[in-house]
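So the sequence shown is residues 2 to 245, counted in this note's numbering.
The next block holds one structure in the form of structure tokens; read it before the comments.
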Amino acid sequence: MDKTAVVTGGGYGIGRAIAEHLLAQHMNVVITGRRTEILERTAAELGPRVRPLGFDASDPDAVTRAATRLPERIDVLVNNAGGATEYDYSMPPRDQLKLLREAWLRNIEANLMTTVLMTAALEPRIPAGGRIVVIGSIAARGFKASLHGYGPAKAALEPWAIDLARELGPREVTVNVVCPGFTISNDRAREFLDSGAAAPMIDASATRRVTSVEDVAATVAFLASPAASQVTGQVIHVNGGIYP
């Protein structure tokens, strides 16, 4: 029986690369995201084994509706949706508490709640031998991102995933977190690199290079494979040896 994977945020960048790697494992892949036109273009480029489904994974009602259009059996769930909602890590002044709260909540909804909601909706469909992979971030360890909601939202995924791994372990379902370093996954990341702002992270790495989407996707593909059946409850860093 062919396996089926769901990749949230699968239209471009890391998510698209993950979809490509899972296709190479002969899986059918559903890619989800908010921008339907990007998803449809990616699906057309990757071929008939990829199906696009557009919705906002931070919206409980949207997730509930989308679940009715997803397969009854899901062998691999990759929670990749998210990203810094304030890309330059700027935040409202600390005396503007309402604006500050809203900025934090945007990051929590985009990076934590998308994963929690999608997993709650789809976990019952994952059979024995299934996989859940969560995309975290080096931002969970600092690098300025802890001063706004992105880093803490990503950090919260780690204990959640570890506890979920213990809960699902008796069913032979594994749960792991993959934390990329600075990765050129979209145009904003390219601008960040070109501005020189990423230089401290690159210089701090052992490999002295930017993490590629292929680096991340290959790690996810391993965790999704039968070879990783005893790897669970782990936080795996793909960053060239950067530790803030």
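Yeah, the Cβ is synthetic: ideal placement off N, Cα and C, and Gly gets one too.
Worksheet item: Thinking C-beta only, is residue 131 closer than 7 Å to residue 174?
Response: It is a contact, given that the beta carbons lie within the stated cut-off.
Worksheet item: For residue 227, does the count of other Cβ atoms within 10 angstroms reach 16, so buried, or fall short, so exposed?
Response: Answer is exposed; the Cβ neighbour count stays below 16.
Discussion item. Is it buried or exposed, residue 181, if we count other Cβ atoms within 10 angstroms and call 16 or more buried?
Written reply: Buried is the call here.
Worksheet item: Does the beta-carbon of residue 98 have 16 or more other beta-carbons within 10 angstroms, so that it is buried, or is it exposed?
Response: The residue is exposed, with fewer than 16 neighbouring Cβ atoms inside 10 Å.
Worksheet item: Hey, would you say residue 22 sits closer than 7 Å to residue 229, going by beta carbons?
Response: It is not a contact, given that the beta carbons lie outside the stated cut-off.
Worksheet item: Are residue 185 and residue 211 close, meaning C-beta to C-beta below 7 Å?
Response: Pairing residue 185 with residue 211 gives a Cβ-Cβ distance under 7 Å.
Worksheet item: From the DSSP output, which residues share a beta bridge with residue 29?
Response: As a beta-bridge residue in DSSP terms, residue 29 pairs with 5.
Fill in: Span of the beta strand (DSSP E), counted from its first residue to its last, around residue 80
Looking at the DSSP string, the run of the beta strand (DSSP E) that includes residue 80 is 77-80.
Fill in: Neighbourhood of residue 19 by C-beta distance below 6 Å, restricted to the same chain and skipping five residues each side
Once the five neighbours on either side are set aside, the close Cβ partners of residue 19 are 8, 79, 218 and 221.
Practice prompt. Using three-state DSSP, classify residue 160 as helix, strand or coil.
Written response: Residue 160 falls in the helix class under three-state DSSP.
Worksheet item: Do residue 17 and residue 33 come within 7 Å of each other at the CB atom, strictly closer than that value?
Response: No. Outside cutoff.
Item to complete: Report the residue from 52, 127, 208 and 65 whose alpha carbon sits nearest the alpha carbon of residue 225.
Response: Checked all of 52, 127, 208 and 65; the closest Cα to residue 225 is 127.
Discussion item. If I follow the unbroken beta strand (DSSP E) through residue 52, where does it start and stop?
Written reply: Run containing residue 52: 51-55, per the beta strand (DSSP E) assignment.
Fill in: Nearest candidate by alpha-carbon position, reference residue 56, set 49, 70, 242 and 50
Of the candidates 49, 70, 242 and 50, 70 places its Cα closest to the Cα of residue 56.
Worksheet item: Looking at the unbroken beta strand (DSSP E) that takes in residue 178, where does it start and where does it end?
Response: Element bounds for residue 178: 175-181.
Fill in: Cβ neighbour criterion (16 or more within 10 Å) applied to residue 111
It counts as buried.
Discussion item. Quick check: what's the CA-CA separation for residue 153 versus residue 135?
Written reply: Each residue's alpha carbon lies about 15 Å from the other.
Discussion item. With a threshold of 6 Å on Cβ separation, who are the neighbours of residue 103 within its own chain once the five nearest residues in sequence on each side are excluded?
Written reply: Within the same chain, residue 103 has no close Cβ partners at all.
Worksheet item: Under three-state DSSP, which class holds residue 34?
Response: Here residue 34 sits in strand by DSSP.
Discussion item. Distance check for residue 238 and residue 209, CA to CA, integer angstroms please.
Written reply: Cα-Cα distance, rounded: 15 Å.
Discussion item. Which residue marks the beginning of the beta strand (DSSP E) containing residue 134, and which one marks its end?
Written reply: First-last of the beta strand (DSSP E) with residue 134: 132-136.
Worksheet item: Cα-Cα, which of 74, 36, 65 and 37 is closest to residue 5?
Response: Nearest C-alpha to residue 5: 74.
Discussion item. Short of 8 Å in beta carbon distance, which residues of its chain neighbour residue 123, apart from the five on each side in sequence? Order them along the chain.
Written reply: Non-local beta-carbon contacts of residue 123 in its own chain, meaning distances under 8 Å to residues more than five positions away in sequence, involve 7, 68, 71, 75 and 78 in chain order.
Item to complete: Tell me, to the nearest whole angstrom, how far the beta carbon of residue 236 is from that of residue 178; I am working on the premise that it is less than 8 Å.
Response: With 8 Å as the limit, residue 236 and residue 178 qualify as a contact, their Cβ atoms being about 5 Å apart.
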